[in-house]
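Each residue of the sequence shown is one higher than the last, beginning at 1 in UniProt numbering. No residue lacks a Cβ here, since even glycine has one placed at the ideal position from N, Cα and C. Written below as structure tokens is the structure these notes are about.
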Amino acid sequence: MLIQPNKQWHWVFDTNKGVMTLELGENMLFVSKLCKKRCVQHAQEDGPFTTEHTQLYYQFLEQLEPFNWSDPIKVQICLNAVASAQFLKPLMPQSWFFTSNAGTHQNLLQIGELAVLQTENAQARCVVVEVSEQTYTLMTIEGGLVLDKRKSLSQFEAIKVMQDRVVPLSQLLQNANGFAQTG
């Protein structure tokens with residue numbers, strides 16, 4: 001069962017754990033992966049789950065609909081994505097970790113769309129949480145993407161990259177279906 005946002009939902013920064021949380025009602029608390037070091041200053045003030053947050057929640061949820069993930073997993077992805085979209089500090093691009101996909105897509109991705117980042121040895125599905133003129137900020141859906149000997153991306157961690165490093169997941173799925181039909 002998918003939970004639906006309501007007027008009782010309330011953001012609270014947990015100073016003990018150093019993470020952003022969302023009170024969902026009586027005795028229900030969502031703990032995001034967004035830590036103090038990665039939050040903008042105003043995230044440390046309590047605040048409501050606004051209409052804008054609700055719109056983002058449903059925007060992310062709509063993109064996850066085709067996948068056979070459980071409802072709790074979808075909610076976890078959506079709430080972490082909303083937290084990142086609203087409270088993540090600006091990041092510097094770290095495109096060098098990923099292979100260039102220049103020319104693979106012409107259309108700009110929108111917030112909420114799913115995409116793939118590819119390193120030399122692995123790939124990870126991500127959700128777009130911010131779009132700028134030349135970059136995307138993406139939040140990983142899967143964890144454990146090794147970038148180099150010292151750095152990896154954990155589940156729900158965000159990274160900013162140049163747009164040519166990102167492949168829309170829909171494009172990969174279309175290519176896979178086309179290959180399966182012709183191959």
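Query - Three-way DSSP call (helix, strand, coil) for GLU23 in this model - result: strand
**Report entry** Simplified DSSP state of GLN181, which is helix, strand or coil
**Finding:** For GLN181, the pLDDT reaches just 39, beneath the cut-off of 50, and the residue's location in the model is therefore unreliable, although a value from the coordinates is still provided. Helix, per DSSP.
Query raised in the report: Helix, strand or coil for GLU130 per DSSP?
Result: strand
Requested in this report: Measure the C-alpha to C-alpha separation of SER100 and VAL12 and round it to an integer number of angstroms.
Outcome: 39 Å
Query raised in the report: Between LYS33, GLN163, ASP71 and PRO72, which lies nearest to LYS17 when the distance is taken from Cα to Cα?
Result: LYS33
Query raised in the report: Which partner residues does CYS39 have in the DSSP bridge list?
Result: LEU88
**Report entry** Member of GLY25, THR15 and VAL19 whose CA lies at the smallest distance from the CA of PRO5
**Finding:** GLY25
Query raised in the report: Would you call the segment 115–122 and the segment 65–77 touching, i.e. three or more CB-CB distances under 8 Å?
Result: no
Query raised in the report: Is DSSP giving ALA81 helix, strand or coil here?
Result: helix
Query raised in the report: Using DSSP with H/G/I as helix, E/B as strand and the rest coil, what is TRP9?
Result: coil
Report task. Take GLU130 as the anchor and find which of TRP9, ALA85, GLY47 and GLN41 has the nearest alpha-carbon. Result -> ALA85
Query raised in the report: Which first and last residues belong to the beta strand (DSSP E) in which THR137 is found?
Result: 135–140
Query raised in the report: In the DSSP assignment, what are the bridge partners of GLY47?
Result: TRP11
Query raised in the report: Can you tell me whether DSSP reads GLN55 as helix, strand or coil?
Result: helix
Query raised in the report: When you compare only the Cα positions, how much space is there between SER154 and GLY143?
Result: 4 Å
Report task. Under 8 Å Cβ to Cβ from PHE179, same chain only, skipping five residues before and after it: list those, please. Result -> Bear in mind that the predicted position of PHE179 carries a pLDDT of just 40, short of 50, making it too unreliable to give a figure here.
Query raised in the report: In the structure shown, what three-state DSSP assignment does LYS151 receive?
Result: coil
Query raised in the report: Is the Cβ of ASP14 closer than 8 Å to any Cβ of chain B?
Result: No chain B is part of this structure, which consists of one protein chain only.
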